[in-house]
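This report concerns only the one structure given below.
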Amino acid sequence: MSGTRTEQAIQTINAQNKIEGSSNVIYKAGNAAILEPGFKAESGTVFSAKIEDVCAD
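Counting in our numbering, the sequence shown runs from 7 upward without gaps.
Laid out in structure tokens, this is it:
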């Protein structure tokens, strides 16, 4: 995953991905953001996970 990106889930995000390069990634979930084995945010990236209300599109 690279670039600027926001991932959202009404309930839970399960992540096993790798964030690399100059990425800026935000996870927003209603209940939990679970970083599974294999998840990695490399040096130089910006990563945040927020628990907040997410509206369905």
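The C-beta atom is built at its ideal place from N, Cα and C for all residues, glycine as well. Note that this is a predicted model, so its numbers are computed, not measured.
The beta carbons of V60 and N30 sit no closer together than 8 Å. Within the same chain, V31, I32 and Y33 come within 8 Å of S54 by CB-CB distance, once the 5 residues on both sides are set aside. Secondary structure in the segment 11 to 49: the beta strand (DSSP E) runs of 3 residues or longer, each lying completely within the stretch, are 18 to 21, 30 to 35 and 38 to 41 in chain order. For A55, the enclosing beta strand (DSSP E) starts and ends at V52 to I57.
Rounded to whole angstroms, R11 and A35 show a C-alpha spacing of 14 Å.
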